Amino acid sequence: MSTTFFNPPPPPTTVPELHQTHAHLIKTGLIHHPFTAGHLISAAVKLSLTYPHTIFTHLQNPNAFSYNTLIRGYATSPSPMTSLTLFKDMLVDDNVVPDNYTYTFVLKACGNVGCVGFGEQVYGHVVKTGLDGDLYICNTLVHFYAKNGEFGIARKVLDEMCVKDVVSWNAVLSVYCEMGMMEDARVFFGEMGVRNVESWNFMVSGYVKGGRVDEARRVFDEMGVKDVVSWNVMITGYARNGEFGEVFRLFEDMRKDEVVPDDYTFVNVLSCCASVSGLSQGEWIHAYIDKNGVEVGGFLATALVDMYSKCGCLEKALEVFRKTSRKDISIWNSMIAGLGLHGYGKRAIEIFYELIDDGIKPNEVTFVSVLSACSRSGLLDEGYKMFELMVHTYNIKPTIEHYGCMVDLLGRFGLLDEAEGLAKEVPFKEAQVVWESLLGACRSHNDVEMAERVTKKLLELDPQDSAGYVQLSNVHASEGRFNDATELRKKMRAQGVSKDPGCSMIEVNGVVHEFLAGEGMVL
DNA sequence: TTAGGGTTAG
Numbered sequence: 001m002s003t004t005f006f007n008p009p010p011p012p013t014t015v016p017e018l019h020q021t022h023a024h025l026i027k028t029g030l031i032h033h034p035f036t037a038g039h040l041i042s043a044a045v046k047l048s049l050t051y052p053h054t055i056f057t058h059l060q061n062p063n064a065f066s067y068n069t070l071i072r073g074y075a076t077s078p079s080p081m082t083s084l085t086l087f088k089d090m091l092v093d094d095n096v097v098p099d100n101y102t103y104t105f106v107l108k109a110c111g112n113v114g115c116v117g118f119g120e121q122v123y124g125h126v127v128k129t130g131l132d133g134d135l136y137i138c139n140t141l142v143h144f145y146a147k148n149g150e151f152g153i154a155r156k157v158l159d160e161m162c163v164k165d166v167v168s169w170n171a172v173l174s175v176y177c178e179m180g181m182m183e184d185a186r187v188f189f190g191e192m193g194v195r196n197v198e199s200w201n202f203m204v205s206g207y208v209k210g211g212r213v214d215e216a217r218r219v220f221d222e223m224g225v226k227d228v229v230s231w232n233v234m235i236t237g238y239a240r241n242g243e244f245g246e247v248f249r250l251f252e253d254m255r256k257d258e259v260v261p262d263d264y265t266f267v268n269v270l271s272c273c274a275s276v277s278g279l280s281q282g283e284w285i286h287a288y289i290d291k292n293g294v295e296v297g298g299f300l301a302t303a304l305v306d307m308y309s310k311c312g313c314l315e316k317a318l319e320v321f322r323k324t325s326r327k328d329i330s331i332w333n334s335m336i337a338g339l340g341l342h343g344y345g346k347r348a349i350e351i352f353y354e355l356i357d358d359g360i361k362p363n364e365v366t367f368v369s370v371l372s373a374c375s376r377s378g379l380l381d382e383g384y385k386m387f388e389l390m391v392h393t394y395n396i397k398p399t400i401e402h403y404g405c406m407v408d409l410l411g412r413f414g415l416l417d418e419a420e421g422l423a424k425e426v427p428f429k430e431a432q433v434v435w436e437s438l439l440g441a442c443r444s445h446n447d448v449e450m451a452e453r454v455t456k457k458l459l460e461l462d463p464q465d466s467a468g469y470v471q472l473s474n475v476h477a478s479e480g481r482f483n484d485a486t487e488l489r490k491k492m493r494a495q496g497v498s499k500d501p502g503c504s505m506i507e508v509n510g511v512v513h514e515f516l517a518g519e520g521m522v523l
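Every letter in the first sequence is one number past the one before it in UniProt numbering, and letter 277, counting from 1, is 277.
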């Protein structure tokens, strides 16, 4: 005897699939079935919020599940207030009654709205409904108070809970760590009744966020069980700190520990390879990814393109770029930047137009990459055109980086007056880089008068700025005014201004060595 | 269902 089961179709996971399913449900009238509609909304919130909200508003009798799903969706969105509006609608809707799920999601929304009063009102309803003993609701309430800085109340609620689990404790710990309150976190961590790997991860992550890598490492080393996130957090800490050797060592240890690296791990380590020109490490990771059938897309594809570009393998970068089917804006930006970096300005511009043809909207970073490509390749007209396009077609307000590229480009062509005009437009106090770039151009074109003017401007912006002194003394030196140059260097020393040493890195037999100007091998 | 940590492009 055989039994036939009805297998419902898998839920839509892409927008076109969603539209198709929606259309099908309208055609068959199933959309009026609250259960079916609820599941459609549930699938839709994973893709967008406006679309399921529209479906919801057209429902004649939305059930609690549909309300809950939408409330949950908005709770963690940029507009958590909408969750509260939906909750109010739910209260006046005679056909539904808020349940334990509803309160969990609404309280979560309250935590994100940032108004303690709302949460307290909602909790009033919880008490009236008799749901105040629900573990999930209480856990969310604890998190709600902590998130709003009410640690005392959070702790009181926590202590008074008859039944609590590790989530209850983590609800407070996670906030201490997130907010960088590591002393409180440490004390609380010691008092915790139960801990799990996440508790430890919160601690490590809190220290990493505060730049306290050594303390993070101490906690990390004390951990009994480490998961992939533990390793990733620690790796991120070292990467942010520029301790790339430690990143590679940890990556190695992680594999010895038989923890399977994921996309986050690869992206982090690849990004370090890019920083230190560690091509062989990068290639090894790429091979590992291929061998293990890891899907290359999103951040990972971008990281690969970036690594190959920065290690000088443009062909490989292009290969990864071309092979990536769904390209987001980052991978385009990375490719454009890579081509620009190696002086292929024209190719960078071609890729830029390809991006436009693909219907993708360039962003701020795209224009930094493309303008920098123009600047490096000396493409003056194209640079002007791109700047115009950015401001007038794409309505992107130029940032300091965009101005920097333009001033650099104009400076290369000796169009110093135009460059100075643009530098003056820079509305930021951080305009320093732009003036530094202009000063470099003054030096190349031996415009002493402007160099002096620009130096003055630079020193107004930052009296400790070394670039101004160095460049001006170089201008004096190139003009043969060695006495002026020496005087300036003396003045610089007297004021305690130091010049960062030049630095370069090279990979030899898979080991990266770093050199500082005027010194021996460091790493 | 609740806490949920970790990533790219300039």
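A virtual CB, placed ideally from N, CA and C, is assigned to each residue, including glycine. Please read all numbers here as calculations on a predicted model, not as lab measurements.
Using alpha carbons as the reference points, say which of L47, Y67, K46, S48 lies closest to F56.
Out of L47, Y67, K46, S48, the CA that lies nearest to the CA of F56 is found in Y67.
Measuring alpha carbon to alpha carbon, tell me which residue in Y344, F352, S377, D357 is nearest V365.
Cα-wise, what sits closest to V365 is F352.
Rounded to the nearest angstrom, how far is the Cβ of H22 from that of L40, given a contact under 8 Å?
Under the criterion of beta carbons closer than 8 Å, H22 and L40 qualify as touching, at roughly 6 Å.
Nearest-angstrom beta carbon gap, T104 and A137 [assumed within contact, 8 Å]
Residue identity check: residue 137 is Ile in the sequence provided, not Ala. Contact annotation, I137 with T104: C-beta distance approximately 6 Å; criterion of less than 8 Å satisfied.
Consult DSSP for Q464 and reduce its assignment to one of helix, strand or coil.
Judged by DSSP in its simplified three-state form, Q464 adopts coil rather than helix or strand.
N446: first and last residue of the uninterrupted alpha helix (DSSP H) it sits in
For N446, there is no enclosing alpha helix (DSSP H), as DSSP gives it neither H nor E.
contact_flag[the segment 420-437, the segment 388-396] where n(CB pairs < 8 Å) is 3 or more:
No: fewer than three Cβ pairs fall under 8 Å.
Unbroken alpha helix (DSSP H) runs of length 4 or more, entirely within the segment 367-440: which are they?
For secondary structure counted as the alpha helix (DSSP H) over 4 or more consecutive residues, the segment 367-440 holds these complete runs in sequence order: 380-388, 400-412, 416-425.
Assuming C313 contacts L341 (C-beta within less than 8 Å), just tell me the rounded distance between them.
With a Cβ gap of about 12 Å, C313 and L341 do not count as contacting.
Where R347 and A43 are concerned, what is the direct C-alpha to C-alpha distance, given to the nearest angstrom?
Distance between the alpha carbons of R347 and A43: 41 Å.
Express the C-alpha separation of K46 and W284 in angstroms, rounding to a whole number.
Separation of W284 and K46 (C-alpha to C-alpha, rounded to the nearest whole angstrom) is 35 Å.
Quick check on A146: buried or exposed, where buried means 16 or more other Cβ atoms within 10 Å of its Cβ?
A146 is buried by the Cβ-count criterion.
For F87 and R72, the rounded distance between their alpha carbons:
Approximately 11 Å, taken between the alpha carbons.
Mind checking A64: buried by the 16 CB within 10 Å criterion, or exposed?
Of the residues assessed, A64 falls on the buried side of the cut-off, its CB having 16 or more other CB atoms within 10 angstroms.
Among L304, F299, E258, the one whose alpha carbon lies nearest that of C273
It is L304.
Cα separation between D99 and M386?
Taking C-alpha positions only, D99 is separated from M386 by approximately 55 Å.
Alpha carbon to alpha carbon, what distance is there between K209 and G237?
C-alpha separation (whole angstroms): 8 Å.
CA-CA distance, L131 and Y101?
The straight-line gap from Cα to Cα measures roughly 10 Å.
Beta-carbon within less than 8 Å of residue 531's beta-carbon, same chain only, minus the 5 sequence neighbours each way: which residues are those?
Given a span of 1 to 523 for the chain in the structure shown, any question on residue 531 remains unanswerable.
Where N201 and F244 are concerned, what is the direct C-alpha to C-alpha distance, given to the nearest angstrom?
Taking the straight line from one Cα to the other gives about 21 Å.
Taking V122 as the reference, which of K361, L107, M181 has the closest Cα?
Residue nearest to V122 within the set K361, L107, M181 is L107 (criterion: CA-CA distance).
Buried versus exposed, by CB contacts within 10 Å (16 or more), N292:
Flag for N292 reads exposed.
Looking at C-alpha atoms only, which residue of R240, G111, F118, G224 is the closest neighbour of residue 524?
The structure shown has nothing for residue 524, since the chain only spans 1 to 523.
With 16 other Cβ atoms within 10 Å as the buried cut-off, status of G111
It counts as buried.
Less than 8 Å between the CB atoms is what I'm expecting for G149 and G180, so what's the real figure, rounded?
Actually they do not touch by this definition, with Cβ atoms about 13 Å apart.
From V142 to R155, what does the alpha carbon distance come to, in whole angstroms?
Each residue's alpha carbon lies about 7 Å from the other.
Under 8 Å by Cβ, that's how I've got D462 and Q432 pegged, so tell me the actual separation to the nearest angstrom.
Sure, about 6 Å apart at Cβ, within 8 Å.
Just to confirm the assignment: which complete alpha helix (DSSP H) runs, minimum length 4, are found wholly within the segment 300-369?
With a minimum length of 4 residues, the continuous alpha helix (DSSP H) runs that stay inside the segment 300-369 are 314-323, 329-341, 345-357.
When we look at the beta-carbon of S48 and count the other beta-carbons within 10 Å, is it buried (16 or more) or exposed?
By the 10 Å Cβ count, S48 comes out exposed.
So, at 6 Å on beta carbons, what are the nonlocal neighbours of F321 in its own chain, with the 5 sequence-adjacent residues on each side left out?
The residues are V305, M335.
DSSP state of D290, grouped into three classes?
Here D290 sits in helix by DSSP.
DSSP state of M179 mapped onto helix, strand, coil:
In the structure shown, M179 sits in coil (DSSP, three-state: anything other than H, G, I, E or B).
Can you give me the C-alpha to C-alpha distance between R255 and P261, rounded to a whole angstrom?
When rounded, the distance between both Cα atoms is 8 Å.
By the DSSP assignment, the alpha helix (DSSP H) with D263 in it spans what residues?
Note, D263: alpha helix (DSSP H), 263-276.
So, at 6 Å on beta carbons, what are the nonlocal neighbours of G404 in its own chain, with the 5 sequence-adjacent residues on each side left out?
Excluding sequence positions up to five before and after G404, its CB lies within less than 6 Å of the CB of V433, V434, S437, all in the same chain and listed in chain order.
What distance in whole Å lies between the Cβ atoms of G343 and S377, which are believed to be in contact at a cut-off of 8 Å?
Confirmed, about 6 Å.
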